[in-house]
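Remarks on the structure that follows.
Residue numbers (mature numbering (1 follows the signal peptide of the UniProt record, and there is no 0)): -19 to -1, 1 to 146.
Take a look at the structure:
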């Protein structure tokens, strides 16, 4: 009987965490779509543009990922950038122009390559910052709070410490 109770509680918790992961993805992907739509209209437009290759996703192994195409006057050519981070290692959400998820050392995998060269020339870097590519909207600290709450409800205790436009 005790094993059945433990199993039932585990299934309930798993279903609730999965629902909150869906909420987190809904927030992140909704904001990313707005970012792409409004990037050229922003008075802070700096010449960088992104296109969503693969939206924010959470794998069966609880890995959060995003893949974008980036064009910039400061980079040669078009770049494909993929970021991956285990949800469980995210410690903080903050904003310093870009909204960022922070982890411990070397827990975010960023793979990038020039589109013309193909994925065979990809460079993989390990770091502690996962960039959400959300930069244009200002005075949006409520978004940081919503992201923090979605992480917490998904079972990941995340802090929100700084928010600079």
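Glycine residues also receive a C-beta, built at the ideal position from the N, C-alpha and C atoms.
Note that the structure is predicted; figures quoted are calculated from it, not measured.
query, result
"Under DSSP, the beta strand (DSSP E) around residue 78 begins and ends at which residues?", "Note, residue 78: premise wrong, no beta strand (DSSP E); not H, not E."
"State yes or no: is the C-beta of residue 110 within less than 8 Å of the C-beta of residue 128?", "no"
"For residue 34, which three-state DSSP category applies?", "strand"
"So what does DSSP say about residue 98, is it helix, strand or coil?", "coil"
"Please state whether DSSP places residue 195 in a helix, a strand or coil.", "Nothing about residue 195 can be read from this structure; the chain reaches only from -19 to 146."
"I believe residue 49 touches residue 31 by the beta-carbon criterion, under 8 Å. Please report the beta-carbon distance rounded to the nearest angstrom.", "5 Å"
"What did DSSP end up calling residue 105 once you bin it into helix, strand or coil?", "strand"
"Can you list, in chain order, the residues of its chain with a C-beta nearer than 8 Å to that of residue 70? Leave out the 5 residues immediately preceding and following it.", "84, 85, 88"
"Whose C-alpha, out of 142, 55, 1, is nearest the C-alpha of residue 72?", "142"
"Can we say the region 131 to 142 touches the region 87 to 101, given the rule of at least three CB pairs closer than 8 Å?", "no"
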